[in-house]
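Worksheet: the structure to be examined is printed underneath.
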Amino acid sequence: LPPSPIITLTTDFGLDDHFVGTIKGVILNIAPEARIVDITHAIEPFDILGGALSIAHSYTYFPSGTIHVVVVDPGVGSQRRPILATTGPHRFVAPDNGVLSLVFEREVRLSVRHITAEHYYQQPVSQTFHARDVFAPVAARLALGVDPGHFGEEVHDFALVSLPRPVENAAGVIAGEVIRVDHFGNLITNITPQDAPFLFLADTPPFQIVVAGQQVSHMRNAYAEGEQGEVFGILGSMGCLEIVANRDSAARILGAGRGSQVRAEPSG
Amino acid sequence: LPPSPIITLTTDFGLDDHFVGTIKGVILNIAPEARIVDITHAIEPFDILGGALSIAHSYTYFPSGTIHVVVVDPGVGSQRRPILATTGPHRFVAPDNGVLSLVFEREVRLSVRHITAEHYYQQPVSQTFHARDVFAPVAARLALGVDPGHFGEEVHDFALVSLPRPVENAAGVIAGEVIRVDHFGNLITNITPQDAPFLFLADTPPFQIVVAGQQVSHMRNAYAEGEQGEVFGILGSMGCLEIVANRDSAARILGAGRGSQVRAEPSG
Amino acid sequence: LPPSPIITLTTDFGLDDHFVGTIKGVILNIAPEARIVDITHAIEPFDILGGALSIAHSYTYFPSGTIHVVVVDPGVGSQRRPILATTGPHRFVAPDNGVLSLVFEREVRLSVRHITAEHYYQQPVSQTFHARDVFAPVAARLALGVDPGHFGEEVHDFALVSLPRPVENAAGVIAGEVIRVDHFGNLITNITPQDAPFLFLADTPPFQIVVAGQQVSHMRNAYAEGEQGEVFGILGSMGCLEIVANRDSAARILGAGRGSQVRAEPSG
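Residue numbers (the numbering used here), protein chains in the order written: chain A, 4 to 271; chain B, 4 to 271; chain C, 4 to 271.
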């Protein structure tokens with residue numbers, strides 16, 4: 004007997020209201036054996052790109068067969084479509100607003116369907132809480148084994164949003180930005196080892212990083228290698244350049260945040 | 004083999020301390036197969052009515068047989084009684100202070116018992132943490148199949164608290180109030196379609212809504228239908244009039260909050 | 004068939020990012036039957052003693068066989084060791100930085116191992132997220148039944164940190180301090196009934212408590228026994244003197260917090 008299916012939740016609902024608990028009730032009412040795992044409910048309200056980042060950096064760690072419900076949904080109740088995406092081992096249920104874009108970028112075997120099978124919804128369907136009335140019941144039916152093909156027809160014109168990409172100018176300067184500030188005040192940038200390989204060499208050549216107008220002079224391998232009060236760069240767990248401090252918040256020290264400019268260049 | 008029983012938790016304990024984790028440990032120690040679902044732990048400290056609202060708007064979505072632990076308990080350690088309520092499909096464990104009032108209002112087949120079977124408690128019983136020492140172990144024994152009758156005698160003088168109700172004056176003005184502000188800044192009012200049917204007609208006649216002294220001119224069907232910066236009314240997922248904005252916080256825009264007055268009247 | 008193993012999580016990761024969800028994915032990918040329980044993720048960033056307190060006050064309530072993952076880890080990626088501790092019924096996975104000190108103080112049958120079995124890690128191992136790449140997979144292998152002896156050799160020079168202890172001067176004054184402020188604003192002190200037995204007698208003799216320079220005149224048995232606005236003492240659920248208020252925050256009323264001095268003396 005295989006273990007019961009896992010359903011993950013990634014939303015901007017917060018934990019202050021009964022919303023998330025209600026979604027779980029709906030799922031368990033339909034699929035009593037489902038096991039539900041919160042990825043996060045602290046996406047900034049209406050922040051589609053924030054939701055896209057959170058699911059893209061976590062879903063690959065879940066077992067094959069996991070169903071991911073991703074609801075950042077400012078268009079709830081409007082014409083935006085509910086979609087069901089399958090990518091070989093993973094399945095996703097979300098509004099069609101780009102919140103799955105960064106998943107779609109990574110996946111080759113991708114099928115996206117417009118969910119139209121309203122008989123699977125929780126009735127009556129509110130105009131303001133489709134996580135409860137549409138996405139949760141659809142995820143629960145998937146967990147019960149309903150085939151994705153039964154939820155609606157495949158579509159190819161699904162919405163996509165893009166992370167800002169760093170650009171390299173003629174002088175070799177990489178201009179990127181902070182795309183997220185984590186709980187510790189680490190500044191996660193959009194600059195990867197592919198964008199700026201010189202930063203990530205075992206023996207880093209001379210370089211310059213400027214974040215929010217301030218010079219960052221060292222790349223280090225671990226937070227604990229930093230001196231007190233020092234802000235430095237590191238290869239973070241999301242695979243990007245992070246600007247961090249040892250036991251402190253780089254965001255606070257630099258006064259930087261999401262959208263802050265990050266410039267990196269070899270200076271050798 | 005039926006799936007293991009579900010126990011939900013609704014408290015004002017927050018998530019910063021080890022309290023909620025400890026409660027779960029106590030439950031799993033007694034009923035290893037129980038599955039525990041958080042509804043919310045962010046009820047305002049000591050806010051009995053807030054707890055009553057959260058459980059009342061979520062419990063019906065859970066499967067038959069679910070056990071709901073609801074602990075907002077400023078009287079812990081005093082003479083207030085612990086109670087066990089059964090309503091056909093659902094069971095509730097809570098202090099007798101009114102936190103189940105809105106459940107009791109909805110339920111016809113209701114039995115409420117004063118829990119006196121101290122041999123089911125976690126010993127020693129602290130005077131400050133009955134969720135751990137009384138409510139969790141009682142819920143766990145229910146999950147194991149102990150009959151509600153074994154926990155104590157039925158009582159009929161249980162505590163009740165009431166939501167403020169809207170009133171209608173001779174001129175047809177409905178005077179209600181904001182009973183909750185959700186995570187998105189939506190203002191949930193106590194005005195239902197029964198109180199003010201003219202607001203919820205497919206073809207709304209002319210009306211006036213005044214919230215915190217400010218005019219709200221439109222009812223809409225979905226958040227996304229609002230114009231930028233506009234505050235408008237909607238039928239919310241809790242079945243009440245909500246005052247909302249599109250991708251914004253109506254609470255912030257209007258400077259309104261819980262207790263703010265809401266007046267609605269037909270103006271045709 | 005025994006129920007599936009329980010893995011608890013205590014961290015300073017917060018719930019805003021995808022970190023905790025990712026850890027759960029890693030665990031479930033290796034040990035699909037594991038059941039994961041959050042103790043708290045709201046330890047102050049890098050607060051080893053805060054983490055030590057949270058796990059020490061909760062782990063004993065969990066069933067025998069539970070695996071506790073405790074990650075407050077400012078030294079991640081440095082030479083600090085990952086350790087696996089077993090204490091008869093409980094198992095712990097943590098960095099070797101003292102975060103398990105208060106568990107170790109309580110336990111007689113204690114074995115601590117340096118985890119060196121890198122083939123159990125999630126590859127590649129980042130330098131910044133060992134909860135995902137080291138501690139979660141080790142916990143999951145334990146849940147699968149891998150013997151603790153397979154993870155590494157026993158060590159005896161593990162790190163320890165200490166709670167501040169109250170001191171008694173020649174005049175019988177007990178000088179302690181606030182070691183934590185809970186969600187309700189209760190001030191948890193490090194003074195136990197053993198330190199100041201006169202505070203906890205059924206018939207308390209005259210005494211003086213001074214907290215943050217302000218006089219506290221009564222010990223009471225329950226929060227609800229306090230008068231409005233009164234700050235008083237109580238034996239809290241953690242087995243220590245707590246300075247509290249009835250439906251209010253003693254921390255706010257007194258302007259006190261972690262580290263605030265607490266002096267108690269018999270005045271009879």
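All residues carry an ideal CB built from backbone N, CA and C; glycine is no exception.
Values in this document were obtained by computation on a predicted structure and should not be read as measured data.
Going by alpha carbons, who is nearest to residue i out of the options?
i: A/A88; options: A/G80, A/Q218, A/A97 and A/F201; result: A/A97
i: A/L3; options: A/T119, A/L257 and A/R223; result: Any answer about residue 3 of chain A is impossible in this case: the structure gives chain A only from 4 up to 271.
i: C/R266; options: C/I246, C/H60 and C/D251; result: C/I246
i: B/H44; options: C/L244, C/H186, C/R255 and C/P200; result: C/H186
i: A/E233; options: A/G239, A/H159, A/A254 and A/C243; result: A/A254
i: B/S81; options: C/P48, C/R261 and C/A227; result: C/A227
i: B/H221; options: B/P8, B/L244 and B/S240; result: B/L244
i: A/L272; options: A/F49, A/T11 and A/L18; result: Outside the shown range of chain A (4 to 271) lies residue 272 of chain A, about which nothing can therefore be said.
i: C/V213; options: C/R168, C/R109, C/H159 and C/A259; result: C/A259
i: A/V149; options: A/E268, A/D160 and A/I33; result: A/I33
i: C/P209; options: C/P269, C/V128 and C/A215; result: C/P269
i: C/D15; options: C/P77, C/D206, C/I39 and C/G262; result: C/P77
i: A/G101; options: A/V184, A/V73 and A/V141; result: A/V73
i: C/R116; options: C/D19, C/E156, C/D99 and C/Y123; result: C/E156
i: C/G188; options: B/I9, B/N224 and B/P48; result: B/P48
i: A/R183; options: A/S263, A/I39, A/D19 and A/S61; result: A/S263
i: A/A225; options: C/R83, C/Y64, C/V40 and C/I51; result: C/R83
i: B/R223; options: A/Q126, A/Y123 and A/Q130; result: A/Q130
i: A/N172; options: A/D198, A/F154 and A/F22; result: A/D198
i: A/I42; options: A/I51, A/A59 and A/H153; result: A/A59
i: A/A248; options: A/M241, A/I237 and A/G242; result: A/I237
i: C/L18; options: C/I46, C/V170 and C/V219; result: C/I46
i: C/Q211; options: C/F235, C/Q231 and C/F22; result: C/F235
i: B/I288; options: B/A37, B/H21, B/G216 and B/D20; result: Residue 288 of chain B cannot be examined here, being either before or after the span of chain B that is shown, 4 to 271.
i: A/T13; options: C/P196, C/D20 and C/S7; result: C/D20
Just to make sure I have the definition right: I need the residues of chain A whose C-beta is within less than 7 Å of the C-beta of residue i. Which are they?
i: B/F187; result: P48
i: C/R144; result: Here the premise fails: no neighbours, minimum Cβ distance about 15 Å.
Please list the partners that residue i has in chain C, where partner means a Cβ-to-Cβ separation under 8 Å.
i: B/Q130; result: N224, A225, I237 and L238
What does residue i reach in chain B if we use C-beta pairs closer than 7 Å?
i: A/H21; result: I42, T43, S57, H60 and S61
i: C/I9; result: L31
What in chain B is Cβ-close to residue i, meaning under 9 Å?
i: A/T195; result: The premise fails here: A/T195 is roughly 30 Å from chain B at the closest Cβ pair, so nothing lies under 9 Å.
i: C/T14; result: Residues of chain B passing the Cβ test: none, with the nearest at roughly 12 Å.
i: A/R135; result: Y64 and S240
Could you list which residues in chain C have their beta carbon closer than 7 Å to that of residue i, in chain order?
i: A/F65; result: G28, L31 and N32
Taking Cβ-Cβ distances shorter than 9 Å, what residues in chain A pair up with residue i?
i: C/A18; result: Reading the sequence as shown, one finds Leu at residue 18 of chain C and not Ala. The answer, in chain order, is L18, D41, T43, H44, A45 and H186.
Please list the partners that residue i has in chain A, where partner means a Cβ-to-Cβ separation under 8 Å.
i: C/T25; result: I42, H60, S61 and Y64
>> If we require 3 or more residues per run, which beta strand (DSSP E) segments fall completely within the stretch 106-156 of chain A?
In response: Complete beta strand (DSSP E) runs here, min 3: 114-117.
> Can you give, in chain order, each stretch of the alpha helix (DSSP H) that sits fully within the stretch 36-68 of chain C and has at least 4 residues?
Replying inline: Those alpha helix (DSSP H) runs which fall completely within the stretch 36-68 of chain C and span 4+ residues are 51-59.
> Any contact of the stretch 15-31 of chain C with the stretch 129-147 of chain C, i.e. 3+ C-beta pairs under 8 Å?
Replying inline: Yes, they touch.
> Contact between the stretch 152-171 of chain C and the stretch 48-59 of chain C: three or more CB pairs below 8 Å?
Replying inline: Yes: the two stretches touch, three or more of their Cβ pairs being nearer than 8 Å.
>> Any C-beta of chain A within less than 7 Å: which residues of the stretch 27-54 of chain C qualify?
In response: Cβ contacts with chain A: K27, G28, V29, L31, N32, P35, E36, P48 and F49.
>> Short of 7 Å Cβ to Cβ, which residues in the stretch 247-263 of chain B face chain A?
In response: Under the 7 Å Cβ criterion, the stretch 247-263 of chain B contributes R250.
> Any residues in the stretch 78-99 of chain A with a beta carbon nearer than 7 Å to a beta carbon of chain C? Which ones, in chain order?
Replying inline: Flagged: no residues at all.
> For the stretch 204-233 of chain C, which residues have a beta carbon sitting closer than 8 Å to at least one beta carbon of chain B?
Replying inline: Flagged, chain order: N224, A225, Y226, A227 and E228.
> Touch check for the stretch 196-215 of chain A and the stretch 141-153 of chain A: three-plus C-beta pairs under 8 Å?
Replying inline: Too few Cβ pairs lie closer than 8 Å, so no.
>> Runs of 3 residues minimum, wholly inside the stretch 85-109 of chain A: which ones carry the beta strand (DSSP E) assignment?
In response: Those beta strand (DSSP E) runs which fall completely within the stretch 85-109 of chain A and span 3+ residues are 85-90 and 93-98.
>> When you compare the stretch 66-81 of chain B with the stretch 93-108 of chain B, are there three or more beta-carbon pairs, one atom per stretch, that lie closer than 8 Å?
In response: As far as the Cβ criterion goes, the stretch 66-81 of chain B touches the stretch 93-108 of chain B, which means the pair count is three or higher.
>> Quick check: the stretch 100-113 of chain C against the stretch 173-187 of chain C, are at least 3 beta-carbon pairs closer than 8 Å?
In response: No, because fewer than three Cβ pairs between the stretch 173-187 of chain C and the stretch 100-113 of chain C fall closer than 8 Å, the two stretches do not touch.
>> Quick check on the DSSP output: what are the complete beta strand (DSSP E) runs of length 3 or more inside the stretch 153-209 of chain C, in order along the chain?
In response: Runs of beta strand (DSSP E) with 3 or more residues, each lying fully within the stretch 153-209 of chain C, are found at 177-184 and 190-192, listed in chain order.
> At which residue ranges does the stretch 200-261 of chain A contain complete beta strand (DSSP E) runs of 3 or more residues, listed in the order of the chain?
Replying inline: Entirely contained in the stretch 200-261 of chain A, the beta strand (DSSP E) runs reaching 3 residues are, in chain order, 210-214, 217-219, 234-238 and 244-248.
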